[in-house]
Amino acid sequence: MTTEQDPFRESSGAYVLDALDPAERLAFEAHLHECEECTAEVLSLRRVSSALPYGVPEVDPPASLRDRVLAAAAETRKPSSVVPFDRHRSEPSQAQPLKARPTMWAGWIAAAAGIVVAVGVGMYAAQLSTRLDDTQQRLTDAVNRLQDAEQRLQAATRETTTVRASLALLTAPDLADLRLAGQAPAPNARARAFLSRSRGLLFAATNLPAIPNDRTYQVWFLTPGAPVSAGLLRPDAQGNATVAFDFAASVPNPTGIAVSLEPEGGVPAPTGAIYLVTQ
Amino acid sequence: MMWILLAVASSARTTADDQAALERMARGDQAGLAEMYDRHGRLVYSLALRIVRDRGDAEDVTQDVFVQAWRQASRFDTTRGNVAAWLLTMARSRAIDLIRRRRVRPQPGADDMVMETKDASPAPDVQFEWVQRAEVIQEAMGALPLVQRLAIELAFFEGLTQAEIAEQLEVPLGTVKTRIRQGLLKLRDRLAGAGATS
């Protein structure tokens with residue numbers, strides 16, 4: 000295995016799922032031209048990614064969709080029957096020049112009418128402009144509200160993804176279900192840890208107290224030797240957090256799980272107060 | 000393992016059927032499109048729905064995919080990939096464009112940047128799907144470590160970049176790369192293991 004020696008190799012999966020940022024994607028593609036191993040890996044992973052859609056729960060589209068599709072296709076194949084849209088613009092102006100009737104009075108009347116019209120148009124324009132401002136404001140408000148809603152929807156969507164993925168863990172044959180109790184700094188805190196050697200750790204905590212910005216909660220595997228960090232935990236405003244952690248093969252079978260308060264970014268070995276520990 | 004043989008056989012036949020349908024589409028014969036829709040419409044719609052999570056949007060995506068296939072039928076090279084993979088690639092790409100557009104705050108001129116629509120070129124050089132059985136894929140996904148599965152799902156179905164996933168899961172970028180790759184490699188081995196017996 001030369002995998003570890005090629006720093007590009009690590010990006011193959013993200014490349015296949017279109018998850019690289021554009022600059023990195025270009026660099027990776029350039030690398031593919033000169034690395035057969037990466038190319039072979041990408042091809043094999045493409046086969047995997049192309050199979051992913053087949054795992055999606057199948058849902059019947061509405062029967063009407065078939066007709067819609069066929070109608071839309073029929074529409075596109077038609078030879079262009081679109082009206083040239085600048086025909087309006089090229090039409091000569093309807094307005095006749097005023098001097099077509101050279102009578103003096105007529106001129107004055109026309110001028111007066113012009114003023115009336117101009118004033119009228121001016122007022123109308125001002126009114127329109129106010130209404131436009133108003134409409135624009137309302138539109139901005141609506142867009143903002145929509146964006147808020149969509150952001151909430153996105154957050155919910157990601158949560159759904161986590162939950163959906165978590166369900167698989169909960170059915171793992173080697174699942175251990177651990178309960179954690181709050182300690183002195185947080186007597187009301189509670190947590191459950193779902194642990195599977197093959198599928199990882201799902202950790203759900205409630206009632207964790209708010210902490211300063213320069214601190215973080217850190218989750219630990221308690222082992223016969225030194226505790227091993229599982230990762231960091233960032234509760235929401237209500238003190239709840241649900242996080243999935245890796246359960247590396249190198250971690251010995253844990254005897255329990257604990258959560259401590261540590262400096263921001265986490266530490267290699269626990270230093271702070273223990274907030275939660277398995278019962 | 001009989002069913003795997005069946006799955007492989009039926010997917011090979013589907014490809015031949017698809018090719019015939021595609022040729023009819025290329026000649027402007029709507030019956031070819033209808034046939035194509037009847038065979039793949041459900042899967043295209045299901046994938047779109049999984050990504051956009053809105054029936055109306057999923058219908059729009061499905062319509063766009065088949066209209067595009069109709070327009071480009073004559074240019075699709077069946078020796079380079081299978082039709083179903085092509086349709087699904089288009090569906091995913093359009094669905095993700097749609098949710099990314101939802102996600103990004105509209106800014107003047109920003110549209111062109113985020114909207115960089117992926118080329119709908121015939122993708123994966125997959126001659127046939129060696130596994131098209133939902134339960135096989137679902138089972139393989141289910142057996143993945145949770146963190147790997149999450150990273151893959153966020154990239155594939157939510158259209159997040161690795162940087163966004165890192166932010167979302169609060170782990171370093173390198174960890175996200177590794178999780179995606181390790182997860183896909185595991186899926187590959189599992190699926191190949193299933194297919195290898197045929």
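From first to last, the protein sequence lines stand for chains A and B.
For the first sequence, numbering that gives the first Met the number 0 assigns the number 0 to the initial residue and increments by one for each residue that follows.
For the second sequence, numbering that gives the first Met the number 0 assigns the number 0 to the initial residue and increments by one for each residue that follows.
Where is the CB? At the ideal position from N, CA and C, for every residue including glycine.
| Check | Outcome |
| --- | --- |
| Tell me, please, whether the CB atom of A109 (chain B) is closer than 8 Å to any CB atom in chain A? | Confidence at A109 (chain B) is low in this model, with a pLDDT of 40, below 50, so its placement is unreliable and no value can be given for it. |
| Should V47 (chain A) be labelled buried (16 or more other beta-carbon atoms within 10 Å of its own) or exposed? | buried |
| To the nearest whole angstrom, what separates the beta carbons of F75 (chain B) and V68 (chain A), a pair I think is in contact under 8 Å? | That pair is no contact at about 17 Å. |
| At a Cβ cut of 8 Å, what residues of the segment 28 to 46 of chain B count as close to chain A, listed as they run along the chain? | Q29, L32, A33, Y36, D37, G40, R41, L42, Y44, S45, L46 |
| Using a Cβ-Cβ cut-off of less than 8 Å, list which residues of the segment 59 to 70 of chain A approach chain B; keep chain order. | D59, P60, P61, L64, R65, R67, V68, L69 |
| Quick one: which chain A residues come within Cβ less than 8 Å of F155 (chain B)? | L16, S48, L51 |
| Could you give the DSSP three-state label for A203 (chain A): helix, strand or coil? | strand |
| Inspect the beta-carbon positions of A164 (chain A) and E157 (chain B) and report whether they are closer than 8 Å. | no |
| Buried or exposed for R8 (chain A), please, with buried defined as at least 16 other CB atoms from any protein chain shown within 10 angstroms of its CB. | buried |
| For A257 (chain A), which residues in the same chain have their Cβ closer than 8 Å to its Cβ, ignoring the five residues on either side in sequence? | L179, V218, W219, L221, P226, P269, I273, L275, V276, T277 |
| Would you kindly work out how many angstroms separate the C-alpha atoms of A193 (chain B) and L184 (chain B), rounded to a whole number? | 14 Å |
| 8 Å is my cut-off, CB to CB: does Q153 (chain A) come that close to chain B? | yes |
| Looking at chain A, is there any beta carbon in it that lies within less than 8 Å of the beta carbon of P144 (chain B)? | yes |
| Please report the residue range of the beta strand (DSSP E) in which A217 (chain A) lies. | Per the sequence presented here, residue 217 (chain A) reads as Gln, with Ala not at that position. 214 to 221 is the span of the beta strand (DSSP E), which, as asked, contains Q217 (chain A). |
| Could you work out which residues of chain A lie near F65 (chain B), taking near to mean beta carbons separated by less than 9 Å? | V68, L69, A71, A72 |
| DSSP three-state call for L275 (chain A): helix, strand or coil? | strand |
| If you draw a straight line from the alpha carbon of G54 (chain A) to that of A72 (chain A), how long is it in whole angstroms? | 29 Å |
| On a Cα-Cα basis, can you pick out the residue from B:R49, B:R132, B:T61, B:A94 that is closest to Y36 (chain B)? | B:T61 |
| Under 8 Å between beta-carbons, which chain A residues line up against G141 (chain B)? List them in chain order, please. | A167, T170 |
| Taking just the CA atoms, how far does T129 (chain A) sit from A141 (chain A)? | 18 Å |
| Rounding to the nearest angstrom, what Cα-Cα distance links N293 (chain A) and A229 (chain A) in this structure? | A question about residue 293 (chain A) goes unanswered here, because the residues of chain A that appear run from 0 up to 278. |
| Indicate whether at least one CB of chain B lies closer than 8 Å to the CB of L201 (chain A). | yes |
| Hey, does A287 (chain A) have any beta-carbon neighbour from chain B nearer than 8 Å? | Absent from the model: residue 287 (chain A). The displayed extent of chain A is 0 to 278, so no value can be given. |
| Give the straight-line distance between the Cα atoms of S92 (chain A) and L127 (chain A), rounded to the nearest whole angstrom. | For S92 (chain A), the predicted structure reports a pLDDT of 43, less than 50, and the residue's modelled location is therefore unreliable. The matter cannot be settled from this model. |
| R74 (chain B) CB to nearest chain A CB: under 8 Å? | no |
| Give a yes or no on whether 8 Å exceeds the smallest Cβ distance from P223 (chain A) to chain B. | no |
| In chain A, what lies closer than 8 Å to T61 (chain B) by C-beta? | P60, L64, V68 |
| Does G173 (chain B) come out as helix, strand or coil in the three-state DSSP assignment? | helix |
| Check each candidate in A:L42, A:R233, A:N187, A:A171 and name the one with the smallest Cα separation from R196 (chain A). | A:A171 |
| Distance, Cα to Cα, P21 (chain A) vs A19 (chain B)? | 37 Å |
| Given a threshold of 16 other Cβ atoms within 10 Å of its Cβ, counted over all protein chains shown, does M89 (chain B) qualify as buried or as exposed? | buried |
| Does the beta-carbon of V82 (chain B), which I'm using as the reference point, lie nearer than 7 Å to any heavy atom of the ligand SAM? | For the ligand SAM, the structure offers nothing, since it holds no ligand at all. |
| Any chance you could list the alpha helix (DSSP H) runs of at least 4 consecutive residues sitting entirely within the segment 125 to 159 of chain B, in chain order? | 133 to 141, 145 to 155 |
| May I ask you to report which of helix, strand or coil DSSP gives S45 (chain B)? | helix |
| With three or more C-beta pairs closer than 8 Å as the rule, is the segment 131 to 150 of chain B touching the segment 239 to 252 of chain A? | yes |
| Would A193 (chain B) count as contacting chain A if we go by Cβ distances under 8 Å? | no |
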